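In this note's numbering, the protein residues as written are 965 to 1091. Idealized CB from N, CA, C, for every residue including glycine. None of the values given here were measured: they were computed from a predicted structure. As C-alpha cells, the structure follows; a few thoughts come after it.
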Amino acid sequence: TTSEKGPGGGGWILMDMNLAVKTREGKVWSTDDHGYPRIFAIGDCNYGCVDGPGPMDAWPIPAIPKISYPGEEEAIVAIRNIEKVDKLVFRGLKTTHMGYPIELATMHWPWGAGMFATSLGPDDACF
C-alpha cells in the first residue's frame, strides 16, 4: 500500500481515483462485504498523485504539491464518499433525491494546488 518512489525516497500511501487506499498492484486495499472502499488517504500521508502507466504527465492525477489546500480538497472528496457508502450500504438508497445513481466521487486536480501564501507578519504577506 506504499509507494516505492516519491518525495523522501518513497513510503507514501497509494490511492485510487476515489482516494481509497490501494495496493501496488492497483487493488483497493480495504473493501467491505459490498465491495466499497472503507479507508481513504488524504493530505500529506498519500503519494500525492494517482499513478498509472507511462510518464507522470499521463497519469490520472500527476503529482500534487504537498501543501494544505490539496489536502482540504481531498478531504471533501473522501467525506462525500464515506457519506455515499453509508447511503448505499446502511440506508439502502441507490439514487439521489433527484433520481441520479449514487456513485463514488473521483478526485480531480485541485485548482489551488500551485498557490502559496506566506505571512510576513501582521501587516504583510506574499502570494
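TRP976 to HIS1061, Cα distance in whole Å? Taken atom to atom, the span from the alpha-carbon of TRP976 to that of HIS1061 is near 38 Å.
Spatially closest choice to TYR1033 from PRO1074, SER967, ASP980, by CA coordinates: When only C-alpha atoms are compared, the closest one is PRO1074.
- Return yes when the Cβ of ASP996 is within less than 8 Å of the Cβ of VAL1053, no when it is not. Result yes, Cβ atoms of VAL1053 and ASP996 sit closer than 8 Å.
In the DSSP assignment, the alpha helix (DSSP H) including LEU983 goes from what residue to what residue? First-last for LEU983: undefined, no H or E at that position.
I'd like to know whether the C-beta atoms of GLU1038 and GLY1007 end up nearer to each other than 8 Å.
It is a contact, given that the beta carbons lie within the stated cut-off.
For this session: Identify whether ILE977 lies in helix, strand or coil by the three-state DSSP scheme.
Result: Here ILE977 carries a strand assignment [DSSP, helix/strand/coil].
Extent of the continuous alpha helix (DSSP H) to which ASP1050 belongs: Taken as a continuous stretch (DSSP letters only), the alpha helix (DSSP H) holding ASP1050 covers 1032-1053.
message: Using the Cβ count rule (16 or more neighbours within 10 Å means buried), how would you classify TYR1000?
response: By the neighbour-count definition (other C-beta atoms within 10 Å, threshold 16), TYR1000 is a buried residue.
Can you grab the Cα-Cα spacing for the pair PRO1029 / VAL1049, in whole Å? So the alpha carbons of these two residues sit roughly 28 Å apart.
Can you tell me the Cα-Cα spacing of LYS986 and LYS1058, whole angstroms?
Our two residues, LYS986 and LYS1058, have alpha carbons roughly 25 Å apart in a direct line.
Sequence-distant residues of its chain with Cβ nearer than 6 Å to GLY1076 (five each side left out) | Hits under 6 Å: TYR1033.
Within the same chain, show all residues whose beta-carbon is closer than 8 Å to that of ASN1010, passing over the 5 residues directly before and after it, in chain order.
So the qualifying residues of the chain are TRP976, ILE977, LEU978, MET979, LEU983, GLU1038.
Exercise for the section: Can you say whether ASP1015 is buried or exposed, counting buried as having 16 or more other CB atoms within 10 angstroms of its CB? Expected result: Buried, because 16 or more other Cβ atoms sit within 10 Å of the Cβ of ASP1015.
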